[in-house]
Each structure stands twice: as C-alpha cells, then as structure tokens.
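There are 2 protein chains.
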Amino acid sequence: MNGAESLLRSLIASGVDVCFGNPGTSEMHFVAALDSVEGMRPILCLFEGVVTGAADGYGRMAGKPACTLLHLGPGLANGLANLHNARRASSPVVNIVGDHASSHARYEAPLTSDIKGFARPVSDWIHSSGSALTVGADAARAVQASREGAGQIATLILPADTAWSQADGVASPLPVPRPALVGADTIERVAALAQSGVRTAFLLRGKALQGRGLAAAGKIAAKTGARLLSDTFAPRIERGAGRVTIERLPYFAEQAADFLAGIELLVLVGAQAPVSFFAYPDKPSWLTPEGCRIAILSHPHEDGTAALEALVDMLGAQRAVARTNALTAADFSPGSTLDAASIMRTVAKHLPEGAIITEEASMAMAYSGLTETAAPHDLLALTGGAIGCMMPVSIGAGIACPDRKIVNLQGDGSAMYTLQSLWTQARENIDVVTVIYANRGYRILANELARVGARTDGAQAASMFDLDNPSLDWVALAKGMGVEAVRAESAPDFDAAFAHAMKRRGPMLIEAVI
Amino acid sequence: MNGAESLLRSLIASGVDVCFGNPGTSEMHFVAALDSVEGMRPILCLFEGVVTGAADGYGRMAGKPACTLLHLGPGLANGLANLHNARRASSPVVNIVGDHASSHARYEAPLTSDIKGFARPVSDWIHSSGSALTVGADAARAVQASREGAGQIATLILPADTAWSQADGVASPLPVPRPALVGADTIERVAALAQSGVRTAFLLRGKALQGRGLAAAGKIAAKTGARLLSDTFAPRIERGAGRVTIERLPYFAEQAADFLAGIELLVLVGAQAPVSFFAYPDKPSWLTPEGCRIAILSHPHEDGTAALEALVDMLGAQRAVARTNALTAADFSPGSTLDAASIMRTVAKHLPEGAIITEEASMAMAYSGLTETAAPHDLLALTGGAIGCMMPVSIGAGIACPDRKIVNLQGDGSAMYTLQSLWTQARENIDVVTVIYANRGYRILANELARVGARTDGAQAASMFDLDNPSLDWVALAKGMGVEAVRAESAPDFDAAFAHAMKRRGPMLIEAVI
Numbered sequence: 002m003n004g005a006e007s008l009l010r011s012l013i014a015s016g017v018d019v020c021f022g023n024p025g026t027s028e029m030h031f032v033a034a035l036d037s038v039e040g041m042r043p044i045l046c047l048f049e050g051v052v053t054g055a056a057d058g059y060g061r062m063a064g065k066p067a068c069t070l071l072h073l074g075p076g077l078a079n080g081l082a083n084l085h086n087a088r089r090a091s092s093p094v095v096n097i098v099g100d101h102a103s104s105h106a107r108y109e110a111p112l113t114s115d116i117k118g119f120a121r122p123v124s125d126w127i128h129s130s131g132s133a134l135t136v137g138a139d140a141a142r143a144v145q146a147s148r149e150g151a152g153q154i155a156t157l158i159l160p161a162d163t164a165w166s167q168a169d170g171v172a173s174p175l176p177v178p179r180p181a182l183v184g185a186d187t188i189e190r191v192a193a194l195a196q197s198g199v200r201t202a203f204l205l206r207g208k209a210l211q212g213r214g215l216a217a218a219g220k221i222a223a224k225t226g227a228r229l230l231s232d233t234f235a236p237r238i239e240r241g242a243g244r245v246t247i248e249r250l251p252y253f254a255e256q257a258a259d260f261l262a263g264i265e266l267l268v269l270v271g272a273q274a275p276v277s278f279f280a281y282p283d284k285p286s287w288l289t290p291e292g293c294r295i296a297i298l299s300h301p302h303e304d305g306t307a308a309l310e311a312l313v314d315m316l317g318a319q320r321a322v323a324r325t326n327a328l329t330a331a332d333f334s335p336g337s338t339l340d341a342a343s344i345m346r347t348v349a350k351h352l353p354e355g356a357i358i359t360e361e362a363s364m365a366m367a368y369s370g371l372t373e374t375a376a377p378h379d380l381l382a383l384t385g386g387a388i389g390c391m392m393p394v395s396i397g398a399g400i401a402c403p404d405r406k407i408v409n410l411q412g413d414g415s416a417m418y419t420l421q422s423l424w425t426q427a428r429e430n431i432d433v434v435t436v437i438y439a440n441r442g443y444r445i446l447a448n449e450l451a452r453v454g455a456r457t458d459g460a461q462a463a464s465m466f467d468l469d470n471p472s473l474d475w476v477a478l479a480k481g482m483g484v485e486a487v488r489a490e491s492a493p494d495f496d497a498a499f500a501h502a503m504k505r506r507g508p509m510l511i512e513a514v515i
Numbered sequence: 002m003n004g005a006e007s008l009l010r011s012l013i014a015s016g017v018d019v020c021f022g023n024p025g026t027s028e029m030h031f032v033a034a035l036d037s038v039e040g041m042r043p044i045l046c047l048f049e050g051v052v053t054g055a056a057d058g059y060g061r062m063a064g065k066p067a068c069t070l071l072h073l074g075p076g077l078a079n080g081l082a083n084l085h086n087a088r089r090a091s092s093p094v095v096n097i098v099g100d101h102a103s104s105h106a107r108y109e110a111p112l113t114s115d116i117k118g119f120a121r122p123v124s125d126w127i128h129s130s131g132s133a134l135t136v137g138a139d140a141a142r143a144v145q146a147s148r149e150g151a152g153q154i155a156t157l158i159l160p161a162d163t164a165w166s167q168a169d170g171v172a173s174p175l176p177v178p179r180p181a182l183v184g185a186d187t188i189e190r191v192a193a194l195a196q197s198g199v200r201t202a203f204l205l206r207g208k209a210l211q212g213r214g215l216a217a218a219g220k221i222a223a224k225t226g227a228r229l230l231s232d233t234f235a236p237r238i239e240r241g242a243g244r245v246t247i248e249r250l251p252y253f254a255e256q257a258a259d260f261l262a263g264i265e266l267l268v269l270v271g272a273q274a275p276v277s278f279f280a281y282p283d284k285p286s287w288l289t290p291e292g293c294r295i296a297i298l299s300h301p302h303e304d305g306t307a308a309l310e311a312l313v314d315m316l317g318a319q320r321a322v323a324r325t326n327a328l329t330a331a332d333f334s335p336g337s338t339l340d341a342a343s344i345m346r347t348v349a350k351h352l353p354e355g356a357i358i359t360e361e362a363s364m365a366m367a368y369s370g371l372t373e374t375a376a377p378h379d380l381l382a383l384t385g386g387a388i389g390c391m392m393p394v395s396i397g398a399g400i401a402c403p404d405r406k407i408v409n410l411q412g413d414g415s416a417m418y419t420l421q422s423l424w425t426q427a428r429e430n431i432d433v434v435t436v437i438y439a440n441r442g443y444r445i446l447a448n449e450l451a452r453v454g455a456r457t458d459g460a461q462a463a464s465m466f467d468l469d470n471p472s473l474d475w476v477a478l479a480k481g482m483g484v485e486a487v488r489a490e491s492a493p494d495f496d497a498a499f500a501h502a503m504k505r506r507g508p509m510l511i512e513a514v515i
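For the record, the sequence lines run as chains A and B.
In case it helps, my numbering puts the first sequence at residues 2 to 515.
In case it helps, my numbering puts the second sequence at residues 2 to 515.
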C-alpha cells in the first residue's frame, strides 16, 4: 500500500466518501488509488472554485465533510474564495492539497509556492504530511478537525513522495467531536431575562435553524412572545409551510436597524450580534439598538439545540404551540411582467416539498419572504459574501441529497464567477434548476454607489456595472456545457418554464430576462 | 479631493493609466473617481483571475504596470493564481485591493478576511494605507516597487474610509528603479570561460531575449560557438524569421536532460539553472549535466542586456554575424488530418509580422519549433504553471499593443479556468484569435499518470482526465460571451478559418477538434 492508498482508505474509514477535485501531476497517485480502493466517489470540477463551493454545499447538507483534491498552491488559491464562504457557513471541509515531492521543494520550480501561506486565512487546521507512514493518521485527524466546533476547514498538504512511498496501513477514525454543552446557569439566566417582560428577540444560526432547534425556538416564542430572527445569510434554514416562522434580517443596514428597533433583549443562539455588511460614511456598523441588552444562550461551537430544549423545559413551554407558516404560495397567477417579485411568486408556487433553494442574487434575497409560504424546503444563503458560491454549492447539495430538487436563484454577475459549475451539473446529472436573474449588470453596485455617497453619473463608472455590452447569452453558455436551457422574457413564459423544470429531473437553466 | 481621487491621480502621474478591475461596494469611490479624473482606462473583467492575468499580459508587453482593482480578500484570492504566474514572469503589477473601512474591521462582517495574508505568498511589496492623506504617496511607492528588479507584484490595500475621506493632493512620481549593473570582473570571468574551449551554452531570460540583448547574444554565439538557450517558459521572447536562433528547453525532464547533455559550461543570463517542472520517483530534479560548470553573467534583477553587450566588446565579437531564423514557414499545404503539428504549421504559415503568440497548451508547446521560421513575433509562455493564464494575458497584451495581432494557442482544460476572458475580449474588441486545442481532456495528466509511476487503467482515474462527458461546445461558449467562433475538424478547415481570422480584426475563437 502506498501513501495515496493509505490516505484514501483512511478518509473512507473516517466517513469521507465524496471527493470534489481538479488534480494535477502531483496528485496522480491519489487519482490512481481511486481505482484500487473502493468507496470514494470522485467528482471532477473544471475549476477549483467549483471544487470548494461544492464541498461547502455538501457539508451544509450532509452534515459531514467531503474532501477536495487540489493541485499545489495555485489550485488551492483558486478555491480560497469559496473556502472563505464555507468557513463562514461553518461547513466541515477537508482539503487535500498536493505538493511537490519534498526533495523537489528546494529547486523553486515554476509551481513552487507557499501553500501554507495560501491556506492560512481560510483554514482552522493545517498540516503538511512528513511521511507516507503518517498520512493515514493525518487524514483521520483532518477529518476530526473539520468536525470540531460547528464545522471547520481542515487543510492537509500532501507532498508527492508521501503519496508514492510505501505506507503501512489504514488509520482508525477518531471520535467525532461533540459540541460543548451550555451550562445550566446560562440557561437559567436567559430564562429569567426572557420572562422579565422586555421586548425580546432570539437570533438563531446553525443547527438551531433546523428540526429540533426550530421546534424548541417556536415553543419559546409562543410562551414568551419573543420574536425569532435569523441572519440575512444563514448557512441553512428549514422553512416553508408548516415550519416555525423566522424573520430574516434585511440586508441593507438602515432596513436592518428599523427591523431591530424596539428590541430590548437580544438572545444569541449560535449567532453574532448583527452588524452591517459594509460600512457607510457616517452610519454605524453596529446594528443592535442602543440600550438593548445582549445575552448569549449559545456560542457557535456549543450545542444550541440542546440549550433551546433546556430553555423550553425551564420556561414550562413544552405544550406551547409554535407559530408556523401556512401553505398559501400556490395561489398565484402571473401577470405579464417578469420581475423579481413575479419570479419569486412562481418559484414559491411550484416549489416541490423537500426542495433546496440556493440563493445568490440580491433580487432573490429581497423577495425571499414569498417562499415562506411555499412547500417546506431548505434555504442556503451566501454566508461569506464572496460571489460565485451558489452554483457549486448546488452541486454539493445535490450530491448530498440526490432525491431533493435544487433551485438555484442566481444573479448573472455572480454566476459568471463559477459558470464552469454547469459542466459538472451535467456530468453528474445533478437535479438542479438554475434561474439566472439576467438584469445584465451588477445592479447591487449601482445601488451601493449612491449609498456610500460616491455619486456619479459618468460613463466610466457605469461601464463597471453594466454587463450588456455584449449581453451574456445564458442559453448558449449552458448549451456549451451540456445543460438544457431556455430563456423567459415574460412572467407566463417563466411560469411555464419553471413548472416544466420542476417536473423533470436533471440540470436545467432558465435565463429570466428582467 | 477625496482619497480615491488622490490615489487615482497619483497612479496616473506615475504612469499607470490602465486599470483591470472587478470592483465591489468598498471600491465605489475609486469607481466614481474614474469619471472625475481623466486619464485612467478602466477595463471590466467578470472574474478576478481575468483581472490579474490581464495585468500580467499588459506588464509583459508594455514594460510598465497596469493596476488591478479587486474587492476585499476574496476578490484578491480569486486573482492569486495569475499573480503567481505574473510574479514568475517578473511582470510589474500594482494591485489595488479595497478593504472595509477601518472602523468596520473589528466587527467581523461576512467579507472580513486577512487580506495581507492572502497577498503575502504572491506579493513582493504590501502596504495597507492608514489615511486618505497618504494614499497618493502610497500609490507612487507601489508603482515604484512594481518596477524594482526585473518587475514585481506590489499590493496596496485601501480601506474604504481612506478612499472617501479628504485628501490633500497628488503624489509626484518616484524614480523608476534601474537594474543593477554587472561588475566588469564578472564579465571578464565569463569571457575567459567562454573562450576556454569548453562546450558552452548561454541560458537567457528576461530582457536578454529581446532586441539588443538577443543581438548581443547572437554575436557571442557566433564568435564562441556557444549554444543559446531559453527556458521552456520564458515570459517573453522575440523570435521568428530574421531573429537570433534560440533553442527552447524541452518540458519533460528526460528530454531536457538529453538536450543539455554534453554542455560543460552553462552561463546564466537572468535565468536560474534548469530543474524539472515536477519531481518523479527516482529521477533527478536538477537537470544541469554532472560536472558542468555554472557561471552567472547576470542575476534576474541585474542588467543582462548591458552585460551581454559588454561581453561582446570583451570578446571582440562586434562584427560576428549571428545565426538567425529563415522565413520558410509559409510553405505548407495542409493534408486532411487536423493535429497539433498541422495546427502549428498553419499558424506559422499565416502568422502576420508583429503578432504575439500566447501559449497555454502542451500540444502547442511541443510544436513551438515550427513557428521559429514564421514572420517575426513575440512568444509569451505560462511562466508559473498555474493554468487559466493565457486567455487573460491575451487581453492585457492586446491593450498594451493594440496594433498587433494576438494568437492565443489554448488547451481546452486550461481555457475553462478563465473562460470569462472572452467577454472582455468582446467588449474591448481585443484583436485576438483564440485557438482551442479541443482534445476533450487533460491529456497532459493522462501522460503524467504513467510518468510518475502511478499506472492504472481504471475508470475512476480516467474520469478525472476526460472532458468528453459532456463535450464542451466552444462555439456556443464563445457565442454566449459575444465572440464570433467556428469549429474546425480537418486541417483544410482549420487553415481556412485561421487564414480568415488573420485578415479580420477583433476577437474570434476557433475550436480545433483534435
């Protein structure tokens, strides 16, 4: 058994059985091992930003890591932006980064670079294997590291000689770290505050926005009258008809401030206190109302679900009936105009139960409230603000949940960052429908230009926001990568295309011209 | 005048008048300043890998830096791989990276990241501006830093408040650093060695492969009988008919070793001693023959051209007649089979004088000797091995040299990395013809798999090299971004398409199916 086989078998033994990759020469032994070792599904992506975004999506939906396979420093570098997003999503990811053989490092060959330097800003754990004899144990440790806290980025660097040299076995899996429990005193303190009669909101993030956590939060809200909030960019939230109603924090700072106005106690459950996404001249970044008390029920690395359930018990809220969303979204007949609102009403109308919405369009975010009354689904948002995330996240979500429909609501500007995703969607027959909000521009920036006080109506600035010279033809781009595509220019056209897309299986793209 | 205007005016005063960018909210004041300040040409790219690759191409051809405009850490991260290549090309590049306002940094907003950490592995100079009052001087210093040595990567981080706050003027340009002169003793020593009767080769890189440097090297070779060599991946070389003949080091280590066999003295002119690109089990990385003496005429930061001219004088070679290439490539009638050889013969036949070949396909590299006898041209190669480089480099070369035809010889796998380049090529009407070597796979890797001793004929490994399920349709992809495209499946078809492309102006893509 060589080091590559030892690594691969150890990953599989630790429960990692999906590998998103774009290998190069230094990873060839790992690639060869894919044939001699059973149990790892390799998925080729044609750019590393797709690799790491897919691993993020997989981690969010599978609740365990996939591994990536990346070629040296530049291969890792191409994946950094989506690792930044994955880290902000607390997604577990294990990066396997090939390196030059240790004997070759001193020669400063063209691809030599500081791989640890590239990895550091996005990794919670980094290790470079020193020998084929340790790569198995290193892999087991990387998997464990990726599952610490709420989920982490673990980067294991594998010099080529550690892959091709003789190894001596498969490492046993290490225990999956369990989240820390919140102390009873904390729960007592929050219970007392929540019953003190002040206007209270719970801001939830992480597992607290799923299943048992949501159910407990719903009972607490019913018992105490507290509001239930989520971040604008929660990694994953279970929502839709029958699910506990959660208010989503608006994106723009002044709207967020209005939304939070009047709250006297903000209880954080795996979340940070809200701050504006960007700074604006003479506007505060800190959004919690002045004088509002902040209480932390659970930190991100702690078990927020258990804390919420303990709080239910302490409040005697076991029988409280949570407020849930009704199923009303199906009642929509499109008029003629195709716009962000009519797109979302159509999405909500046809969304199948169990769908996964991946959202990366400011125009989708603005109307996301319309899907709260659609069939129950998951919503995955752009956690780190690095665009080019959700097309690959859709791949990973589809691999993790092959029986669920993925609906990717995607801006055209951000879609261009990782459009190579379409090819992998076609190859792996991912059941994803990509809706491109084709407004032919970085509209969010035209808006932000004025908001930061940088007013200009000049042509040079405008040319930096407009994508209409030439116009992108998304039907042609999708076809070029083997994905069926249609263009919709009216609301009824979009309704028909989206309804059709929900009934078929496999990747499809709808260019919604708005 | 705000900081953004001060920055922009100072860049322009220092001779930087082209900006490749993909801005975000934190760069909006810089964008607005593009309208209030005359003299900067902004060029929008739809992905940051295109931005930095274009800056590399511009730097190689203009001999001075363009600036980039990048959005926070993730925007820089997306551009790192091509900055790695640019650094290996010694291209001068000034990165302007927006950052959160200094007051906002503490809040750990979603896009907060360690920008200096991202920049460090690829930057020779990094600075984060502390005040709007210093950004002008910081910009002048960044430009100067980019021009030190043979050319460097300078990264200037610009917190949003330094852009929007009041500034107080425009910084004067700093002196352009001149390369260090090689001492007379070094030249005397090399002259003595070169006349000692041993088999000698000069390995040239940088400016020594252009104009006066080449002319001097040609005289030295004629006088002494030395061979003239270039690296496999020289950033830029002037070659073709009438130019001094330079032998290119082969890519594969065993071929390179054969190529260098028998050399007893290797003189380095701005080059490093040759090493293999990758390490292979039980094969040496160091390629200089055992017992061969290495002499350094000039280091990369020194003036190799002046050193070669001084050596000409010392050798009394002023009247020696250099060996130059004949113009014979036009004599080619294609047979029926389209392959890497017939593609290159067609390229050589029709290549117009003054063309710039940008090369990123192993099948193009293997036949690059066929263009030595084409019309005089420049050849730009993939210096750092990070694929996805030459489509954007073609943009930058086209901006720097609008009157020269760009011929981009591009593998399909590497083209997918930065295919967004086509859109900017269309928007800016770059006079570039992209020839896609559509072999539907990472063929170099299928080859390397066996070379590293990782033999397998299994399906999983093969699936990591093949791009044929589904096949990429490059005509559709180009059309989707506004670039005219045709597919050629036979040698006569390719000959006709390429001949047509040489006669028209503006971007075009030819998918050569091989």
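Glycine residues also receive a C-beta, built at the ideal position from the N, C-alpha and C atoms.
This one's a predicted model, so the numbers in the text were calculated from it and none came from an experiment.
A direct Cα-Cα distance of roughly 54 Å separates valine 98 of chain A from arginine 320 of chain B. If the five residues before and after leucine 81 of chain B are omitted, its C-beta is found closer than 6 Å to the C-beta atoms of Val123, all from its own chain and listed in chain order. When Cβ-Cβ separations below 7 Å define contact, serine 114 of chain A makes contact with chain B. Under the 8 Å Cβ criterion, the stretch 479 to 492 of chain A does not count as touching the stretch 454 to 462 of chain A, having fewer than three qualifying pairs.
Where tyrosine 59 of chain A is concerned, there is no enclosing beta strand (DSSP E), although the alpha helix (DSSP H) around it starts and stops at 49 to 63.
Along the stretch 284 to 307 of chain B, the positions whose C-beta sits under 8 Å from a C-beta of chain A are Ser286, Trp287, read in chain order. Residue burial annotation: lysine 350 of chain B is buried, with at least 16 other C-beta atoms found within 10 angstroms of its C-beta. When DSSP states are grouped into helix, strand and coil, leucine 410 of chain A belongs to the strand group. Leaving aside the five residues that flank isoleucine 445 of chain A on each side, the residues in its chain whose CB is nearer than 7 Å to its CB run, in chain order, Ser363.
Of all alpha-carbon atoms in B/Ala133, B/Gly212, B/Tyr438, B/Asn83, the one lying nearest the alpha-carbon of alanine 172 of chain B is that of B/Ala133. Per DSSP, leucine 12 of chain B is not a residue of any beta strand (DSSP E); the alpha helix (DSSP H) it occupies stretches across 4 to 14.
In its chain, beyond the 5 residues on either side, Pro160, Asp162 have a beta carbon closer than 7 Å to the beta carbon of serine 103 of chain A. Listed in chain order, the beta strand (DSSP E) runs fully inside the stretch 188 to 237 of chain A are 201 to 205, 228 to 231, counting runs of at least 3 residues. Distance from the CA atom of alanine 120 of chain B to the CA atom of leucine 77 of chain A, rounded to whole angstroms, is 14 Å. By the Cβ rule, the stretch 490 to 501 of chain B does not count as touching the stretch 465 to 478 of chain B, because fewer than three pairs are nearer than 8 Å. Glutamine 421 of chain A counts as buried, since at least 16 other C-beta atoms from the protein chains shown sit within 10 angstroms of its C-beta. Taking a contact as a CB-CB distance under 8 Å, the pair proline 180 of chain B and glutamate 303 of chain B counts as one, their CB atoms being some 6 Å apart. Counting only Cβ-Cβ distances below 7 Å, proline 282 of chain A has contacts in chain B at Trp165, in chain order. Comparing alpha carbon positions, the residue from B/Thr359, B/Gly336, B/Ala254 closest to phenylalanine 279 of chain B is B/Ala254.
For histidine 378 of chain B, the three-state secondary structure derived from DSSP is strand. In the DSSP assignment, isoleucine 247 of chain A falls outside any beta strand (DSSP E) and carries neither an H nor an E. Flagged as an interface residue toward chain B: phenylalanine 278 of chain A, by a C-beta distance shorter than 7 Å. As a beta-bridge residue in DSSP terms, tryptophan 287 of chain A pairs with A/Val276. Judged by DSSP in its simplified three-state form, isoleucine 515 of chain B adopts coil rather than helix or strand. The stretch 42 to 50 of chain B makes contact with the stretch 417 to 436 of chain B; the number of CB pairs closer than 8 Å reaches 3 or more.
The shortest CA-to-CA distance from glycine 64 of chain A to any of A/Ile437, A/Ser299, A/Ala486, A/Ser92 is the one to A/Ser92. Taking a beta-carbon distance threshold of 7 Å, phenylalanine 253 of chain B does not count as an interface residue toward chain A. Contact with chain B is found for proline 111 of chain A, since one of that chain's Cβ atoms lies less than 7 Å from the residue's Cβ. In chain order, Arg249 place their CB closer than 8 Å to the CB of glycine 370 of chain A, counting only its own chain and leaving out the 5 sequence neighbours on each side.
A direct Cα-Cα distance of roughly 47 Å separates alanine 447 of chain B from alanine 209 of chain A. A Cβ-Cβ distance of about 12 Å is found for the pair leucine 229 of chain A and alanine 272 of chain A, leaving them out of contact under the 8 Å criterion. By the C-beta criterion, the stretch 322 to 342 of chain A is judged to be in contact with the stretch 237 to 247 of chain A, since at least 3 inter-stretch pairs fall below 8 Å. Nearest to isoleucine 158 of chain B by alpha-carbon distance, out of B/Ala5, B/Ile511, B/Arg506, is B/Ala5. Here asparagine 326 of chain A carries a strand assignment [DSSP, helix/strand/coil].
As for any beta strand (DSSP E) of minimum length 3 sitting wholly inside the stretch 308 to 363 of chain A, the runs are 356 to 361, ordered along the chain.
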